[in-house]
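Colleague:
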């Protein structure tokens, strides 16, 4: 029995496949229009994030791109229990994103990138 015969005998299969395809298309369209985009998109890096000093509790805002650049340029892997230098703690590494899940996913992504690229810089020839 071929695919055409199976669908002719059981039309609900065709409708189910069409429904799933429409749902996937709708989801993709929604995430493209309203989602924050890929983690490294210009749109996402232009966002403003709130950072909190884990010692003092003080908060400040920063551009996400600048925040991630600080993490990327820190030597070695980023320790998720630390952060970026905090102006409220004499520059100690206590500045983390207020959104804990965003902090964890950002650290994981940055550490993976550091591992994959191993400190190689553009134009360095290797």
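In this note's numbering, the protein residues as written are 7 to 132.
The beta carbon of each residue, even a glycine, is placed where N, CA and C say it ideally should be.
None of the values given here were measured: they were computed from a predicted structure.
#1: Return the bridge partner residues of residue 58 from the DSSP annotation.
#2: If we call anything under 7 angstroms between Cβ atoms a contact, is residue 76 one with residue 89?
#3: Consult DSSP for residue 17 and reduce its assignment to one of helix, strand or coil.
#4: Mind checking residue 132: buried by the 16 CB within 10 Å criterion, or exposed?
#5: Can you name the start and end residues of the alpha helix (DSSP H) that residue 49 belongs to?
#6: Report the option in 28, 124, 68 whose CA atom is closest to the CA atom of residue 103.
#7: Please classify residue 55: is it buried, with 16 or more other beta-carbons within 10 angstroms of its beta-carbon, or exposed?
#8: The alpha helix (DSSP H) with residue 79 in it runs from where to where?
#9: For the candidate residues 70, 85, 22, whose alpha-carbon lies nearest to that of residue 51?
#10: Assuming residue 101 and residue 92 form a contact by the criterion Cβ under 8 angstroms, report the distance between their Cβ atoms to the nearest whole angstrom.
Modeller: On the basis of the coordinates in this document:
#1: Here the question's residue 58 lines up with position 52 in the chain shown. DSSP lists 65, 102 as the beta-bridge partner residues of residue 58.
#2: Within the chain shown, the letter at position 70 stands for residue 76. Within the chain shown, the letter at position 83 stands for residue 89. No; because the gap between Cβ atoms is not below 7 angstroms, this pair is not in contact.
#3: Taking the chain shown and counting its residues from 1, one reaches residue 17 at position 11. Helix at residue 17.
#4: What you label residue 132 is simply residue 126 of the chain shown in a count that begins at 1. The predicted model places residue 132 with a pLDDT of 48, which falls under 50 and marks its position as unreliable; any figure quoted below should be read in that light. An exposed status is given to residue 132, since fewer than 16 other beta-carbon atoms sit within 10 Å of its beta-carbon.
#5: Translated into the one-based positions of the chain shown, residue 49 becomes position 43. Note, residue 49: alpha helix (DSSP H), 48 to 51.
#6: Locating residue 103 in the chain shown gives position 97, where the first residue counts as 1. For the options 28, 124, 68, the alpha carbon positioned closest to that of residue 103 is the one of 68.
#7: The residue given as residue 55 occupies position 49 in the chain shown. By the 10 Å Cβ count, residue 55 comes out buried.
#8: As a position in the chain shown, residue 79 is number 73, starting the count at 1. Looking at the DSSP string, the run of the alpha helix (DSSP H) that includes residue 79 is 70 to 79.
#9: Residue numbering aside, residue 51 sits at position 45 when the chain shown is read from its first letter. It is 70 whose Cα lies nearest to the Cα of residue 51.
#10: Taking the chain shown and counting its residues from 1, the one referred to as residue 101 is at position 95. Taking the chain shown and counting its residues from 1, the one referred to as residue 92 is at position 86. At roughly 4 angstroms, the Cβ-Cβ gap stays under 8 angstroms, so residue 101 and residue 92 are in contact.
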